[in-house]
Amino acid sequence: MRTDQITLHRFVIGELTAAGLDRDKLIRDIGLPAWALASPEAYVPSEIFARLWEVAEHELGDPAVPLRVASRYSMGCLGLYDYLFSTAPDLGSGLRTLGPYVTAVTTNHRWGLVAENDDEVTLSIEMVDTNGHSRDRIHLWGLAAVVARSRLVISAPVVPVRVRVRQAPPKSLDAYVELFGTTDIEFHSSMDAVTFRAADMNLPLTSTDPTLATVLKPLADALPPPPPLATTWADQVATALAKALEVGEVSLEAVARRMATSPRTLQRRLMEAGTTWRQEVDRARAARLAEATATGPITRARQAQLLGYTDPGSIRRAARRWSITGTHRRCEQLD
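Just so it is clear: in the sequence shown, position 66 is 66 by the working numbering, and no numbers are missing.
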């Protein structure tokens with residue numbers, strides 16, 4: 001069972017109460033036990049935090065409520081997790097505490113910080129046990145809270161280059177633009193992420209405290225490791241490739257666009273996962289061929305069309321390097 005620390009609920013409930021919701025009714029509606037609120041560091045099932053955002057949106061009639069709560073972020077409300085960030089020397093160092101120490105507040109999420117290229121750095125969030133629309137709300141809150149928290153301890157403006165979210169576009173972008181400070185917001189993305197300028201990683205934090213950071217380090221190191229994700233990067237590429245094959249756009253550039261990343265980053269992350277772009281393309285084509293021929297053989301021309309090859313001869317060349325295992329047919333069966 002995935003869990004979230006009560007500090008998350010306590011802060012959000014406080015802000016929702018300030019926005020006009022009845023605190024006692026809200027706590028009852030989301031099923032939060034009284035003993036948990038009385039404990040400074042209790043962990044409760046993640047379903048409760050998801051339910052909190054559902055009730056908040058319904059009661060306030062405001063789908064942008066995660067942004068409005070995040071805009072009122074209070075440094076220190078998440079205890080150790082906040083202080084690990086705020087005592088860092090600069091923004092990059094602060095953001096690098098999010099992933100390794102996420103279990104200070106939740107066992108249901110992971111953060112990733114990746115240099116897209118020399119100019120941009122992307123911070124992404126993933127939910128381990130996904131929950132549809134609730135995931136979208138929580139991820140929006142998480143990304144917005146990171147930006148809001150950063151601005152509390154940095155004198156210079158912190159404005160993301162772009163924001164990417166899986167959710168559908170809202171009727172109004174005003175709350176999004178107001179919080180993130182950019183109009184470059186992509187909806188229906190393959191990920192939930194905020195991209196910063198690489199130069200911003202060097203922005204100094206006004207709250208930096210090396211002495212306190214040293215004191216907190218043993219506490220941070222005693223935390224459980226971040227939870228594993230249900231899907232790997234290769235799994236995400238496989239999903240994107242399957243969709244690309246359906247529309248006949250099987251190029252590195254096309255799949256990278258579909259995944260809202262750069263070709264260079266896509267290749268690098270595949271390498272880190274122990275595979276390559278070519279291997280993943282061959283694997284996706286093998287899976288599609290196995291599905292297409294499950295009920296009988298098809299012509300080589302049809303094979304070429306289904307697998308995104310420019311001509312039937314390309315299949316013969318690819319077959320020399322294919323090694324299809326498990327339920328996939330071996331390449332020698334290509335007729």
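Using N, Cα and C, we set each Cβ at its ideal position, and we do this for glycine too.
Buried or exposed (CB count within 10 angstroms, at least 16 for buried), residue i
{"i": "Gly308", "result": "buried"}
{"i": "Pro225", "result": "exposed"}
{"i": "Thr7", "result": "buried"}
{"i": "Trp322", "result": "Caution is warranted here: a pLDDT of 45 is assigned to Trp322, below 50, making its placement in the model unreliable, and the coordinate value is therefore given only provisionally. Buried, because 16 or more other Cβ atoms sit within 10 Å of the Cβ of Trp322."}
{"i": "Glu291", "result": "exposed"}
{"i": "Glu178", "result": "exposed"}
{"i": "Thr97", "result": "buried"}
{"i": "Pro40", "result": "exposed"}
{"i": "Met127", "result": "buried"}
{"i": "His188", "result": "exposed"}
{"i": "Asp24", "result": "exposed"}
{"i": "Gly31", "result": "exposed"}
{"i": "Asp221", "result": "exposed"}
{"i": "Glu339", "result": "The shown model of the chain, from 1 to 335, leaves out residue 339, and the question about it has no answer."}
Member of the options whose CA lies at the smallest distance from the CA of residue i
{"i": "Asn108", "options": "Gly76, Glu47, Leu91, Pro66", "result": "Glu47"}
{"i": "Val146", "options": "Thr3, Phe85, Lys171", "result": "Phe85"}
{"i": "Met75", "options": "Ser172, Thr206, Asp119", "result": "Thr206"}
{"i": "Val69", "options": "Leu21, Gly31, Asp221", "result": "Leu21"}
{"i": "Arg135", "options": "Val237, Arg51, Pro169", "result": "Arg51"}
{"i": "Gly14", "options": "Val250, Arg137, Tyr73, Pro33", "result": "Tyr73"}
{"i": "Tyr83", "options": "Leu289, Val215, Ser262", "result": "Val215"}
{"i": "Trp277", "options": "Val237, Ala287, Trp141", "result": "Val237"}
{"i": "Asp192", "options": "Arg164, Glu54, Asn202", "result": "Arg164"}
{"i": "Ala234", "options": "Pro66, Lys243, Thr275, Glu186", "result": "Thr275"}
{"i": "Glu186", "options": "Arg162, Arg137, Pro297, Ala88", "result": "Arg162"}
{"i": "Cys77", "options": "His133, Asp129, Phe11, Arg28", "result": "Phe11"}
Bridge partner(s) assigned by DSSP for residue i
{"i": "Trp337", "result": "This structure cannot speak to residue 337, because the chain is shown only from 1 to 335."}
{"i": "Gln5", "result": "Tyr43"}
{"i": "Arg162", "result": "Thr195"}
{"i": "His109", "result": "Met127"}
{"i": "Thr122", "result": "Val114, Thr195"}
Min CB distance residue i to chain C below 8 Å
{"i": "Glu178", "result": "Of the chains in the structure shown, none is chain C; there is only one protein chain."}
Check your understanding: Three or more beta-carbon pairs under 8 Å between the segment 150-158 and the segment 114-133, yes or no?
Key -> no
Practice item. Could you say if the segment 96-105 and the segment 173-184 meet the contact criterion of at least three C-beta pairs nearer than 8 Å? Key: no
Review point. Does the segment 253-260 come within contact of the segment 205-215, defined as at least 3 CB pairs closer than 8 Å?
Key: no
Review point. What are the complete alpha helix (DSSP H) segments, minimum 4 residues, inside the segment 218-253?
Key: 233-247
Check your understanding: Is the number of C-beta pairs between the segment 110-121 and the segment 48-61 that are closer than 8 Å three or more?
Key -> no
Exercise for review: Determine, using beta-carbon pairs with one atom in the segment 190-204 and one in the segment 86-101, whether at least three such pairs fall under 8 Å.
Suggested key: yes
Review point. What residue ranges within the segment 51-92 form continuous alpha helix (DSSP H) runs of no fewer than 4 residues, ordered along the chain?
Key: 65-70, 80-86
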